[in-house]
Amino acid sequence: MNTVQLECFMAVAEYLNFSKASLALKITQPAVSHQIQTLEEELGVKLFNRTSKSVTLTQEGSRFFPDAQLILKTALSAKERLGSNEHFISLEIGCHNYMELNLLPPVLKKLSEEFPLLRPNIHLVPFPSLLSLIENNQIHAALGIKDAQKMSPLFFKELCSAPVACVCSPGHPLARYDTLTKKKLTGNFIACSPRQIPDSIFTIQNSILVNLLPEQRFFAENIESAFALAKAQLGYTLYPDILPAKDPDLCYIPITNLPRISFGVYCQHKHDQPVLKRFLTLISQWITSDFPGTE
290 MNTVQLECFM AVAEYLNFSK ASLALKITQP AVSHQIQTLE EELGVKLFNR TSKSVTLTQE
350 GSRFFPDAQL ILKTALSAKE RLGSNEHFIS LEIGCHNYME LNLLPPVLKK LSEEFPLLRP
410 NIHLVPFPSL LSLIENNQIH AALGIKDAQK MSPLFFKELC SAPVACVCSP GHPLARYDTL
470 TKKKLTGNFI ACSPRQIPDS IFTIQNSILV NLLPEQRFFA ENIESAFALA KAQLGYTLYP
530 DILPAKDPDL CYIPITNLPR ISFGVYCQHK HDQPVLKRFL TLISQWITSD FPGTE
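Residue 355 in my numbering sits at position 66 of the sequence shown; the count goes up by one each step and never skips.
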């Protein structure tokens, strides 16, 4: 496997068109096809479904995408570090969605003030495979919800215990309540793809869907799409009420008779790297509103 193969794979995955990918890469279309074919042969899987009219990622291709992206970034970072005389400090952080991503800027700002040579890299990987990147030492830490139904060999630092909330627009009928019970949830429901949410949320989601009429069910590919539909007042969705990650344009009403969700940071059990240890401290302080420099 080489970077040329991976660059071709990423370009075709982005454009879903071999001709456009070849133009972007400034190489011939047969060359792109050859690189994809040799990569598929090496991996032993088919990465794309090709017809005369369309190109789509296979399930294996979708799973390989975050790994290919990470390998390319790692290769670029290594090249930059080898070409520099300074000893930069790397910190590879993963998150699943933009709500988690929005928790990082204040923490990274403070961290970079304490470690001027810090070069953080953020991986937005909306798939369960994010944790396997930590296990394989490809990233240092990842934000996420602890799934009590699955055992993980990783260390988990809880940042908060958050209630599951009904997330809806201010104009939604449920927005008038301060708290809700599961029985009081009424109206159209916006479900999220099971690959984008933890099993604990997926189980609750399914228990709501089975009692709804087909016309009351909406489906979103990811949590960002679910929030967009909620803002359009097409229904409500579910998400943990993590204070700093809240979308200001939506209402979060805690559902009192559902188990709380443990949100935190995953990393290796041996997390004695000074920058990583400081990151864990700062992200914890930020979530609990005990952040340095805040009142």
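Quick reminder that beta carbons are idealized off the backbone N, C-alpha and C, glycines included.
- A residue is called buried once 16 or more other Cβ atoms fall within 10 Å of its Cβ, and F507 is buried on that count.
- Residue pairing for G433: DSSP places it in a beta bridge opposite G553.
- In the three-state reduction of the DSSP assignment, A515 falls in the helix class, which pools H, G and I.
- Per DSSP, K446 lies in no alpha helix (DSSP H) segment; the continuous beta strand (DSSP E) that holds it begins and ends at 444-451.
- Separation of I550 and K362 (C-alpha to C-alpha, rounded to the nearest whole angstrom) is 32 angstroms.
- Where F404 is concerned, there is no enclosing alpha helix (DSSP H), because DSSP gives it neither an H nor an E.
- Following the DSSP letters along the chain, one finds Y466 in no beta strand (DSSP E), marked with neither H nor E.
- Within the same chain, and ignoring the five residues on either side of L413 in sequence, the residues whose Cβ sits closer than 7 angstroms to its Cβ are C384, L390.
- Within 10 angstroms of the beta-carbon of L539 lie 16 or more other beta-carbons, which makes it buried.
- Beta bridge pairing from DSSP links Y525 with F478.
- Leaving aside the five residues that flank A515 on each side, the residues in its chain whose CB is nearer than 6 angstroms to its CB run, in chain order, I479, C481, A509, T526.
- In this structure, I423 keeps its C-beta atom at 8 angstroms or more from the C-beta atom of L400.
- The beta carbon of A430 sits closer than 6 angstroms to those of I382, V554, C556, all from its chain and outside the five residues before and after it, given in chain order.
- Where A534 is concerned, there is no enclosing beta strand (DSSP E), because DSSP gives it neither an H nor an E.
- Secondary structure of N338 (DSSP, three-state): strand.
- Rounded to whole angstroms, T470 and A454 show a C-alpha spacing of 10 angstroms.
- Within 10 angstroms of the beta-carbon of S450 lie fewer than 16 other beta-carbons, which makes it exposed.
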